[in-house]
Amino acid sequence: MLIAHLSDPHLRTDALAAEPAALLRLALGRVLAVDPRPDCVVITGDLVEHGRVEAYAQLRELVGAFPLPLHLVTGNHDDPAALVEVFRGTGLLGGGESAHYAVDHEGFTVVALDSWRPDGPAGLVGEEQLAWLDDVLGRRPDVPAFVCLHHPPVAVGIPLLDGMRLEDGPALGEVLGKHGNVARVLAGHVHRAISVPFAGTVVSVAPSTYRQTSLTLRADRQTGHLAEPTGFLLHVATESGFATHTVAVSQAWALSGTF
1 MLIAHLSDPH LRTDALAAEP AALLRLALGR VLAVDPRPDC VVITGDLVEH
51 GRVEAYAQLR ELVGAFPLPL HLVTGNHDDP AALVEVFRGT GLLGGGESAH
101 YAVDHEGFTV VALDSWRPDG PAGLVGEEQL AWLDDVLGRR PDVPAFVCLH
151 HPPVAVGIPL LDGMRLEDGP ALGEVLGKHG NVARVLAGHV HRAISVPFAG
201 TVVSVAPSTY RQTSLTLRAD RQTGHLAEPT GFLLHVATES GFATHTVAVS
251 QAWALSGTF
């Protein structure tokens, strides 16, 4: 069982559109070069920069020929309504018409949560989604579940990003703690590869396919973006559980697939 975990492509349609689109395509090509190929791909939010329909249309064109199951998650730069307008009824939203959904794969479940909120960059899942998540996790209790959202539910040690994490992280932890089948919580938002224990499982934060965030561990220092190598995470089932690998994409000598 292999799950490729990408994040934060930040597609756009203005004069700066070329680079994030090219880097996302490069990352998806690198996914296709993994042998064996992953069972699915998850992109944990900030799919686009400004939440516009035309940017999601660009994303649809970019991934239209991608041969693996692909699941999209909303981030703070996204607009769930615009995302659903472009992708409703497709497998990229689990075949439904909502930004939160679940997909039952053979041997594992992918659960996408919508942590977008209209009044700021921090995240919120809310009571309705948490009740829905509780039900979903109970449907296949013996099957590993990957709970996917944009905002990490716990602090990661970067003060600026910790100030805009998931606000109802403790409530999410209460739900996850009731179920023993949560293999990973997959997140983005931070633009760095990070692992943090949480609610009896592990939060895995994927790097951005576009640009990374500086490792600024002090609140009195500026946090910004760096042209560090891009990459993604690969979650691999082993006899000991799940191992998470960081796969370099840019500035790496590696095979790349085409689609």
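Heads up, the sequence shown is in the UniProt record's numbering, so the first residue is 1 and it goes up one at a time. Glycine residues also receive a C-beta, built at the ideal position from the N, C-alpha and C atoms. Keep in mind it's a predicted model, so treat the numbers as computed, not measured.
Going by Cα to Cα distance, which pick from L2, R117, D46, R60 is closest to D8?
-> Within the sequence shown, the letter at position 8 stands for residue 8. It is D46 whose Cα lies nearest to the Cα of D8.
Whole runs of the alpha helix (DSSP H) within the stretch 75-119, excluding any shorter than 4 residues = 80-87
Between which two residues does the beta strand (DSSP E) containing P197 stretch?
-> The count along the sequence shown starts at 1 and reaches residue 197 at position 197. First-last of the beta strand (DSSP E) with P197: 194-198.
Identify the continuous beta strand (DSSP E) that holds R184 and give its terminal residues.
-> Within the sequence shown, residue 184 is the residue found at index 184, counting from 1. Element bounds for R184: 182-187.
Selection from P144, P207, V86, Y56 that minimises the alpha carbon distance to V249 = Taking the first residue of the sequence shown as position 1, residue 249 is located at position 249. The residue with the shortest Cα to Cα distance from V249 is P207.
Leaving out five residues on either side along the sequence, give the residues of the same chain with a beta carbon under 7 angstroms from the beta carbon of E85.
-> On the sequence shown, residue 85 is found 85 positions in, with the first residue counted as 1. So the qualifying residues of the chain are V53.
Assuming D135 contacts N181 under a Cβ cut-off of 8 angstroms, what Cβ separation, rounded to an integer in Å, is found between them?
-> Here residue 135 refers to the residue found at position 135 of the sequence shown. Here residue 181 refers to the residue found at position 181 of the sequence shown. Not a contact, Cβ separation roughly 13 angstroms.
Determine the extent of the alpha helix (DSSP H) in which A122 is found, giving its start and end residues.
-> Counted from its first residue, the sequence shown places residue 122 at position 122. No alpha helix (DSSP H) holds A122; DSSP gives it neither H nor E.
Residues bridged to A243 by DSSP?
-> The residue given as residue 243 occupies position 243 in the sequence shown. Answer is V236.
Grab me the residues of D162's own chain with a C-beta within less than 6 angstroms of its C-beta, minus the 5 sequence neighbours each way, in chain order.
-> Position 162 of the sequence shown, counted from the start, is the residue given in the question as residue 162. Taken in chain order, the residues that qualify are A155.
Express the C-alpha separation of L92 and R12 in angstroms, rounding to a whole number.
-> Here the question's residue 12 lines up with position 12 in the sequence shown. Here the question's residue 92 lines up with position 92 in the sequence shown. Just so you know, the alpha carbons of R12 and L92 end up roughly 19 angstroms apart.
Report the rounded CA-to-CA distance for G231 versus L72, giving the unit in angstroms.
-> Residue 231 sits at position 231 when you count from the first residue of the sequence shown. Residue 72 sits at position 72 when you count from the first residue of the sequence shown. Our two residues, G231 and L72, have alpha carbons roughly 17 angstroms apart in a direct line.
Taking the alpha-carbon positions, what's the R165 to L234 distance?
-> Numbered from 1 along the sequence shown, position 165 holds the residue referred to as residue 165. Numbered from 1 along the sequence shown, position 234 holds the residue referred to as residue 234. Rounded to the nearest angstrom, the two C-alpha atoms are 23 angstroms apart.
DSSP state of G173 mapped onto helix, strand, coil | Numbered from its first residue, the sequence shown carries residue 173 at position 173. It is helical.
Kindly indicate the opening and closing residues of the alpha helix (DSSP H) around L160.
-> Taking the sequence shown and counting its residues from 1, one reaches residue 160 at position 160. Looking at the DSSP string, the run of the alpha helix (DSSP H) that includes L160 is 159-162.
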